[in-house]
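Sequential numbering of the sequence shown, starting at 5, is according to this note's numbering. Okay, structure first, notes after.
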Amino acid sequence: MEASSESRPEPTWRAVLRLMRWDKPAGRLILLVPALWALVLAARGIPPLPLLGVVVVGTVVTSAAGCIVNDLWDRDIDPQVERTRTRPLASKSLSVPVAIALAIAAFLCAYGLTGYLNALSYGLCVAAVPVIVVYPLAKRVFPVPQLVLAIAWGFAVLIPWTAVTGALELATWLLWGAVVLWTLGFDTVYAIPDRTFDEKLGVNSSARFFGAHTPLAVGSFFVGTTALLATLGIVIGLAWPYWLTLVAALGLWLRQSYLLSRYNPPPKLYGQIFRQNVGLGFLLLAGMGLGIWV
5 MEASSESRPE
15 PTWRAVLRLM
25 RWDKPAGRLI
35 LLVPALWALV
45 LAARGIPPLP
55 LLGVVVVGTV
65 VTSAAGCIVN
75 DLWDRDIDPQ
85 VERTRTRPLA
95 SKSLSVPVAI
105 ALAIAAFLCA
115 YGLTGYLNAL
125 SYGLCVAAVP
135 VIVVYPLAKR
145 VFPVPQLVLA
155 IAWGFAVLIP
165 WTAVTGALEL
175 ATWLLWGAVV
185 LWTLGFDTVY
195 AIPDRTFDEK
205 LGVNSSARFF
215 GAHTPLAVGS
225 FFVGTTALLA
235 TLGIVIGLAW
245 PYWLTLVAAL
255 GLWLRQSYLL
265 SRYNPPPKLY
275 GQIFRQNVGL
285 GFLLLAGMGL
295 GIWV
């Protein structure tokens with residue numbers, strides 16, 4: 005009798021794609037967005053196409069490396085969490101040696117792209133690696149591990165910006181701060197469904213840290229993001245299309261915070277908010293581009 009599809013082993017190629025999270029494009033796009041913000045703003049319009057290609061590919065492979073490292077550290081925790089128990093290492097679809105080899109390959113691919121960068125951007129790439137590697141450990145010792153992730157996310161601003169200008173400017177740090185707060189906001193939302201499991205396992209998250217005040221914290225992060233992006237728009241002198249998109253983003257961010265504050269929101273809300281932030285990122289990117297060109 006033919007085995008059912010549920011009992012068949014997962015093909016290795018599919019497990020590899022899942023390990024790198026390439027089956028979930030939203031997570032890759034939400035890291036690409038800050039890099040594109042930085043490129044467009046630093047270049048005052050359209051960045052050099054070769055650099056754009058380097059940043060896009062570098063973001064994808066670095067994100068893959070970070071996901072693999074995360075799963076390596078958490079391979080004993082993930083089987084105990086509903087959202088993560090089917091990950092390839094947790095379900096043993098892939099072995100640890102294979103995952104390590106894939107992580108090394110991804111980091112080597114990223115390293116190969118650094119030949120296009122200047123010395124400052126290259127140094128920032130090197131500085132980002134330890135943050136990426138230790139982030140999964142933060143949940144074991146630090147009450148707000150999402151802050152470590154947000155700092156790692158911030159390198160997606162610093163590296164492309166300096167690749168264009170060769171310098172860190174006031175505008176760079178305003179955009180960096182906005183990305184850190186934005187990441188804290190959407191990743192805190194992402195952590196909410198895992199809160200019960202995290203408490204049981206004794207691991208930390210910003211959703212656990214803020215507890216009942218999580219909706220207020222998320223709203224505060226998004227308002228802070230808006231304030232820094234508004235200051236950035238003034239410093240750079242962006243035109244009215246940028247401000248329209250920023251007002252629209254603030255409206256949706258406030259709505260997201262309100263929905264989180266409602267009693268017993270549906271579980272699907274958290275994923276919806278995460279995906280909405282991907283769309284908001286590209287909306288703001290369009291506003292930045294038009295704000296420069298108009």
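Each residue gets a CB set at the ideal place from its N, CA and C atoms; glycine is no exception.
Item, Value
"Out of curiosity, what's the CA-to-CA distance linking Pro101 and Leu21?", "16 Å"
"Tell me whether Gln84 is buried or exposed, calling it buried when 16 or more other Cβ atoms sit within 10 Å of its Cβ.", "exposed"
"Using C-beta distances below 6 Å, list every residue in its chain close to Ser9, excluding the 5 sequence neighbours before and after it, in chain order.", "At Ser9, the pLDDT of 43 sits below 50, so the modelled position is not reliable and the matter cannot be decided from this model."
"Within the chosen definition, does the stretch 228-235 reach the stretch 273-287 through at least 3 CB pairs nearer than 8 Å?", "no"
"Just curious, the alpha helix (DSSP H) that Met292 is in, first and last residue?", "Lys272 to Trp297"
"When you compare the CB positions of Val227 and Leu264, do they come within less than 9 Å of one another, or not?", "no"
"Exposed or buried, what is Val91 when buried is set at 16 or more other beta-carbons lying within 10 Å of its beta-carbon?", "Going by the sequence as given, residue 91 is Arg instead of Val. The residue is buried, with at least 16 neighbouring Cβ atoms inside 10 Å."
"In terms of alpha-carbon separation, which member of Leu53, Arg48, Ala46 and Gly70 lies closest to Gly31?", "Gly70"
"Can the beta-carbon of Thr166 be found less than 9 Å from the beta-carbon of Thr176?", "yes"
"Given this structure, state the Cα-to-Cα distance separating Leu258 from Ala252, to the nearest angstrom.", "10 Å"
"Determine the contact status of Ala154 and Leu185, defining contact as a CB-CB distance below 9 Å.", "yes"
"Rounded to whole angstroms, what's the CA-CA distance from Val239 to Ala290? Just pull it up for me.", "18 Å"
"Where Phe213 and Lys28 are concerned, what is the direct C-alpha to C-alpha distance, given to the nearest angstrom?", "27 Å"
"Hey, would you say Pro38 sits closer than 9 Å to Ala160, going by beta carbons?", "yes"
"Quick check on the burial criterion: 16 or more other C-beta atoms within 10 angstroms. Buried or exposed for Trp297?", "exposed"
"What does a CB cutoff of less than 6 Å around Gly62 pick up in its chain, not counting 5 residues either side in sequence?", "Ala114 and Leu117"
"Tell me whether Asp191 sits in a helix, a strand or coil according to DSSP, three-state version.", "helix"
"Count the other CB atoms, across all protein chains shown, that sit within 10 Å of the CB of Tyr267; report buried if there are 16 or more and exposed otherwise.", "exposed"
"How big is the Cα-Cα spacing for Leu273 and Leu35?", "21 Å"
"Exposed or buried, what is Thr66 when buried is set at 16 or more other beta-carbons lying within 10 Å of its beta-carbon?", "buried"
"Keeping to the same chain, check which residues put their C-beta closer than 6 Å to that of Ser209; ignore five residues upstream and five downstream.", "Ala195 and Asp202"
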